[in-house]
Ligand SMILES: NC(=O)c1ccc[n+]([C@@H]2O[C@H](COP(=O)([O-])OP(=O)(O)OC[C@H]3O[C@@H](n4cnc5c(N)ncnc54)[C@H](O)[C@@H]3O)[C@@H](O)[C@H]2O)c1
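Structural data, given as structure tokens:
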């Protein structure tokens, strides 16, 4: 049997890039797919209703099942309509893949309120919005005595997990998404739902123009279709993972250790400031961690 046979799946931002490949793979794996996308530019301006429909047409032409949704994930009511589209069209909802995203890269000193708010609205609030309406639908189904395996798959980023100069808005939103995944992983199992998160690296319109890595992205390792099998595995009914963050770059898939206390200094009573400054001198100034950014830097040498 196909991995996602009969599962009703919402994929946000599925009109382009990584999300489009998720939608195509999910449909090939037997899912009924809600292809959500506003069809905007990479910076979130504009809209084009045909973006979602084009992917739906591709799925239908290949014999799959899909419906288009053009609501913005950044809208509270729009997110509710995205969830309603799944239930009204396919009779249920099993999986939400929160993937929609935009970029407005600026250094902190040059950041405008609009740059910050728009990026946080799509990534962080958008992830909460769709998750919130899916969760309330799942709570209602659970109260009605129905059980099913349900899943959230969120999209974070190395920028959010490790920081990235010029992306205070995006990195903060993506860090928040990783944290929200852990929260959802604790709150949603009572409704039969798991929540996991991915940090992908892939060649899309968001990355191919980046000065430092744009050219490197032409390598087959960065084909965006490499990301989708992990998302499908996390969406599958028998997936054993919950509350985890995964890295994916090419065919390399990893699981993050998350924030973890590396070394400590202790005292029997409250520190004086002077004592603590002396004691903290023993702590390392830098903790080496295994990051996708380090792998990218290595690959670009
Ligand atoms: N490409 C990478 O290397 C990379 C790395 C880390 C994280 N990500 C994340 O992966 C996700 C997909 O990015 P991508 O690289 O495929 O970019 P992309 O621009 O190709 O696709 C993003 C899609 O989201 C849609 N979208 C934007 N705002 C929306 C909204 N309010 N409601 C619904 N849809 C909306 C866009 O129209 C677009 O089709 C994003 O969350 C991004 O931050 C990508």
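Residue numbers (this note's numbering): 589 to 889.
We put the CB at the ideal spot given by N, CA and C, even for glycine.
Per DSSP, residue 837 is one residue of the beta strand (DSSP E) stretching across 833 to 837. Separation of residue 601 and residue 848 (C-alpha to C-alpha, rounded to the nearest whole angstrom) is 32 Å.
The closest heavy atom of ligand 1 lies less than 7 Å from the beta carbon of residue 625. Counting C-beta atoms within 10 angstroms of its own C-beta, residue 799 has fewer than 16 neighbours from the protein chains shown and is therefore classed as exposed. The shortest CA-to-CA distance from residue 839 to any of 819, 829, 781, 850 is the one to 819.
According to DSSP, residue 624 shares a beta bridge with 600, 657. When 694, 841, 748, 666 are compared, the shortest CA-CA separation from residue 717 is found for 666. Beyond the five residues adjoining it in sequence on each side, residue 837 comes within less than 6 Å, by CB distance, of 789, 880 in the same chain, given in chain order.
For residue 685, the closest alpha carbon among the candidates 749, 817, 708 is that of 817. Not one heavy atom of ligand 1 falls within 7 Å of the beta-carbon of residue 706. Taking C-beta separations shorter than 7 Å and ignoring five residues to either side along the sequence, the partners of residue 851 in its chain run 871, 872, following chain order. In this model, residue 603 and residue 635 are separated by some 11 Å (Cα to Cα).
Of the residues assessed, residue 714 falls on the buried side of the cut-off, its CB having 16 or more other CB atoms within 10 angstroms. With a cutoff of 8 Å on beta-carbon distance, residue 785 and residue 833 are scored as near each other. A distance criterion of 7 Å places the beta-carbon of residue 751 beyond contact range of ligand 1, judged by its closest non-hydrogen atom.
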